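Protein chains in written order, with the working numbering: chain A, 1 to 259; chain B, 1001 to 1245. Ideal Cβ positions, reconstructed from N, Cα and C, are used throughout, including at glycine. Bear in mind the structure is a predicted one, so any value in this text is a computation, not a measurement.
Have a look at this one:
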């Protein structure tokens, strides 16, 4: 990557932060309405012991939910690809789960499941698993017709066709779904924490935001918000790296344009 | 010895289109048979029937029990996520042959098509001609008695095509494999084949059969010889006759 590619967005970011700080100071906006970046950074440093603990809680739930989404979504996709009948019978229910807003189901799940962490995990999983499932199903069904005939010609078993042809072919689709799921797992975790609120024993970042709001510690609220964004960006970047490493030798999406 | 025999074979698709009708054909061991015809005459369908990738809707296909088939598609159809040698050893892998033998035979097949040193290259790193060579190596790796090729060089530039034609002829002469080669090029069919089947369309059927008596392998300069020109003229006339039917 060229240095300019990294410099341009960094310059925009610095300009926005500088303008923000300048305006807050110029108009004397009180910190409980809108704190400047300096005050937020200060709160971040001061409350780091508290916030970093919450960061780990939210990170753990988001990553576990993503792991569950990948394994269950992937397994379901393979099952769907094995038989049209299974796909037809079960896919509508996956869609139902996907289109029902998680905010609406979260209270129910919190009632049914005693363990708060587990109920947060279930909420985050519900949001994250669908892109993995639908993308992987699409990928598994997108095998090249000539490749399928080639495998048939050489007497490949169903298992061999799945393992050597359909799964590798579905990888780019799966990875695209994974990148979407990574962001959604975090959103699911945060939304579920909000719903659980002070009623739960939650101590994730969303809980810190609620808590800081009640206590009018607005700089801390912004600091927690900044950490959620940073977490989302980090997950997205990490999954992007995984995607690049897995596809760089063969897939068009991972190619550098030449010339 | 007859490797594959077709008797009154017809093929009608589910859509109702009659692709082939009344095909009688004997494919003898060791011959180089070209199937020549315009687009849409069902020559690819005929090849798929011979391969066993599709079933005829009428007539009968008898195959010699011990035959091993290699198939080369119009495109190289390599697995893009596998390097050249992994692509070539795929048929052996599917047959459950042990890994060391897979590697050895795949390396030998790549050598045979002039690609030694490219074992670890991925398909996208190879030119169109090299990809087609990998595809041919993959078809040869099972040591087939019958090699079926479906317009394999149609997408390549002329020089590459000529070179691959010569290499294919050398392979054929050296291994005794039977080749069935589908093409829409008169010049290619005359250059390669020991027998040409000219097909007509709607429905696809055999319009003429021509035996090529030119020496095999072709001597250098054959492409510009008067004999080649005469054979091409005769074949073109047969093809034009078929298209006028």
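What do you get for residue i, buried or exposed, if any count of 16 or more other CB atoms within 10 angstroms of its CB means buried?
| i | result |
| --- | --- |
| residue 153/A | buried |
| residue 216/A | exposed |
| residue 1240/B | exposed |
| residue 259/A | Residue placement at residue 259/A cannot be trusted, given a pLDDT of 42 that sits under 50; what the coordinates show is reported in the next sentence. Exposed, since its Cβ has fewer than 16 Cβ neighbours within 10 Å. |
| residue 36/A | buried |
| residue 1015/B | exposed |
| residue 3/A | exposed |
| residue 238/A | exposed |
| residue 1068/B | exposed |
| residue 1220/B | exposed |
| residue 14/A | exposed |
| residue 163/A | exposed |
| residue 48/A | exposed |
| residue 173/A | buried |
| residue 1158/B | exposed |
| residue 1101/B | exposed |
| residue 92/A | exposed |
| residue 103/A | exposed |
| residue 1056/B | buried |
| residue 1179/B | buried |
| residue 205/A | buried |
CB residue i to CB residue j, shorter than 8 angstroms?
| i | j | result |
| --- | --- | --- |
| residue 1060/B | residue 1007/B | yes |
| residue 1142/B | residue 1091/B | yes |
| residue 240/A | residue 66/A | no |
| residue 224/A | residue 235/A | no |
| residue 1133/B | residue 1115/B | yes |
| residue 89/A | residue 136/A | no |
| residue 196/A | residue 124/A | no |
| residue 140/A | residue 179/A | no |
| residue 1140/B | residue 1109/B | yes |
| residue 21/A | residue 33/A | no |
| residue 1191/B | residue 1218/B | yes |
| residue 1004/B | residue 1050/B | yes |
| residue 40/A | residue 127/A | no |
| residue 1147/B | residue 1070/B | yes |
Give me the Cα-Cα distance between residue i and residue j, rounded to the nearest whole angstrom.
| i | j | result |
| --- | --- | --- |
| residue 97/A | residue 191/A | 16 angstroms |
| residue 184/A | residue 1107/B | 46 angstroms |
| residue 10/A | residue 221/A | 24 angstroms |
| residue 1086/B | residue 53/A | 48 angstroms |
| residue 1171/B | residue 1135/B | 14 angstroms |
| residue 1079/B | residue 1210/B | 37 angstroms |
| residue 7/A | residue 242/A | 24 angstroms |
| residue 1096/B | residue 1226/B | 50 angstroms |
| residue 146/A | residue 101/A | 41 angstroms |
| residue 112/A | residue 106/A | 10 angstroms |
| residue 79/A | residue 86/A | 7 angstroms |
| residue 1073/B | residue 148/A | 12 angstroms |
| residue 1166/B | residue 1039/B | 25 angstroms |
| residue 1021/B | residue 249/A | 46 angstroms |
| residue 157/A | residue 151/A | 8 angstroms |
| residue 230/A | residue 177/A | 21 angstroms |
| residue 1188/B | residue 1098/B | 38 angstroms |
| residue 245/A | residue 131/A | 21 angstroms |
| residue 83/A | residue 159/A | 13 angstroms |
| residue 1121/B | residue 1047/B | 30 angstroms |
| residue 1223/B | residue 1229/B | 8 angstroms |
With H, G and I counted as helix, E and B as strand and the rest as coil, what does DSSP make of residue i?
| i | result |
| --- | --- |
| residue 1061/B | strand |
| residue 216/A | coil |
| residue 1198/B | strand |
| residue 1243/B | helix |
| residue 1156/B | coil |
| residue 1008/B | strand |
| residue 5/A | helix |
| residue 259/A | Note that residue 259/A has pLDDT 42, beneath the 50 cutoff, so the model's placement of it is unreliable and the number below is only indicative. Coil at residue 259/A, not helix or strand. |
| residue 205/A | helix |
| residue 62/A | helix |
| residue 1187/B | helix |
| residue 1182/B | strand |
| residue 979/B | With chain B covering 1001 to 1245 only, the question about residue 979/B has no answer from this structure. |
| residue 47/A | coil |
| residue 1151/B | coil |
| residue 1205/B | strand |
| residue 252/A | helix |
| residue 1018/B | strand |
Below 7 angstroms, is the gap between the Cβ of residue i and the nearest heavy atom of the ligand HEM?
| i | result |
| --- | --- |
| residue 1028/B | What this structure holds is no ligand at all, so the ligand HEM is not there to describe. |
Counting only runs that start and end within the region 1044 to 1105 of chain B, where is the alpha helix (DSSP H) found for 4 or more residues in a row?
-> Correct list: 1084 to 1088, 1090 to 1094.
Which runs of the alpha helix (DSSP H), 4 residues or longer, sit entirely within the region 1101 to 1135 of chain B?
-> Listed in chain order, the alpha helix (DSSP H) elements of length 4 or more contained wholly in the region 1101 to 1135 of chain B amount to none.
Note down, one range per segment and in chain order, each beta strand (DSSP E) of at least 3 residues found wholly within the region 78 to 154 of chain A.
-> Those beta strand (DSSP E) runs which fall completely within the region 78 to 154 of chain A and span 3+ residues do not exist here.
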